[in-house]
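All remarks here apply to the structure that follows.
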Amino acid sequence: MVRFIMTSLHMYLQKVIERFNLQNVKPALTLLPEGYQPSPVTENASATLHSKYQQVIGSLLYIMLRT
Numbered sequence: 000m001v002r003f004i005m006t007s008l009h010m011y012l013q014k015v016i017e018r019f020n021l022q023n024v025k026p027a028l029t030l031l032p033e034g035y036q037p038s039p040v041t042e043n044a045s046a047t048l049h050s051k052y053q054q055v056i057g058s059l060l061y062i063m064l065r066t
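Number 62 in numbering that gives the first Met the number 0 belongs to position 63 of the sequence shown; there are no gaps in the numbering.
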């Protein structure tokens, strides 16, 4: 049964990568350098960008919680 779950998650991850056009992203050990301090946001993101970000994060959370 574990093998089926892992295969299923692998296929789901492949679909997420394709859906959000992430095939050519480079892997990184960490997304932000140590001590990173974000600058304040001066403008709002578009509704489309905001929605896409939520979808990507939701998909990654689903994968993370299922493993």
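In this text, a Cβ means the ideal position worked out from N, Cα and C, and glycines have one as well. Remember, predicted model here, so these are calculated numbers, not experimental data.
Boundaries (first-last residue) of the alpha helix (DSSP H) holding Tyr35: From DSSP, Tyr35 is part of no alpha helix (DSSP H); its letter is neither H nor E.
Under 8 Å between C-beta atoms of Ile62 and Leu8: Going by C-beta atoms, Ile62 is nearer than 8 Å to Leu8.
Rounded Cβ spacing between Ser58 and Val15 (contact assumed at less than 8 Å): Contact between Ser58 and Val15 is confirmed by a C-beta separation of about 5 Å, below the 8 Å threshold.
Thr47 - containing alpha helix (DSSP H), residue span: Thr47 -> alpha helix (DSSP H) spans 46 to 65.
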